[in-house]
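Using numbering that gives the first Met the number 0, read the sequence shown as starting at 0 and increasing by one per residue.
Step one of this worksheet: look at the structure below.
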Amino acid sequence: MTFTKPIEIRWRDLDGFSHVNNSVYLTYLEEARDEFFTGLLGDTVHRVVVRRVEIDFLSGLTQEDDRVEVVLELVAVGGSSATTRERIVSVADGRVAASARSVMVHTNAERSASQPWGEGERARLEEALCST
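This is the structure in structure tokens:
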């Protein structure tokens with residue numbers, strides 16, 4: 000299963016050099032993960048937190064790119080974790096601006112410790128796993 004989130008490049012995303020600031024790439028990834036996990040897990044998504052993000056910045060983005068798509072694939076499900084692979088792609092010319100890998104962790108109600116996925120959550124996650 001591949002999930003795609005279109006995002007418009009906003010003027011506020013730009014830095015003093017008229018490039019999308021590198022920290023905004025992380026915001027784009029977060030927007031896609033939030034929408035993906037909310038759609039998949041519903042009300043329990045508030046107990047899923049970011050544990051790790053690795054990102055390779057491959058190409059700069061500018062206002063002229065206009066929009067990007069974040070392409071997300073769920074690649075692994077652990078006892079209380081889920082790992083995604085993500086790409087930020089310019090809609091203008093199809094180039095990959097960044098690639099990333101994120102690890103999300105399901106927590107207890109206080110968000111103070113990890114907690115194994117519930118049976119229903121695990122089933123939905125496993126169904127969404129990317130086979131490649």
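Glycine is no exception: its CB is placed at the ideal position from the N, C-alpha and C atoms.
By Cβ distance below 8 Å, which residues in the same chain neighbour residue i in space, the five residues on each side in sequence not counted?
i	result
V48	M103, V104, T106 and R110
L13	V19, N20, T61 and Q62
Would the beta-carbon of residue i fall within 7 Å of that of residue j?
i	j	result
L25	L73	no
Roughly how many angstroms separate the alpha carbons of residue i and residue j, rounded to a whole number?
i	j	result
V90	R66	6 Å
L40	A99	22 Å
E155	R32	Residue 155 lies beyond the stretch modelled for the chain, which goes from 0 to 131, so this question has no answer here.
V88	V76	25 Å
S80	E118	14 Å
A108	A122	20 Å
L124	R11	34 Å
T43	T37	8 Å
T83	D92	24 Å
E120	S113	14 Å
Quick one: what's got a C-beta closer than 7 Å to residue i's C-beta in the same chain, skipping five residues either side?
i	result
I136	Any answer about residue 136 is impossible in this case: the structure gives the chain only from 0 up to 131.
Which residues in the same chain have their Cβ closer than 6 Å to the Cβ of residue i, if we skip the five residues on either side of it in sequence?
i	result
F35	F2 and L71
R50	V102 and V104
Exposed or buried, which one is residue i when buried takes at least 16 other CB atoms within 10 Å?
i	result
R9	exposed
At a cut of 8 Å, does the region 56 to 65 reach the region 79 to 97 through at least three beta carbon pairs? yes
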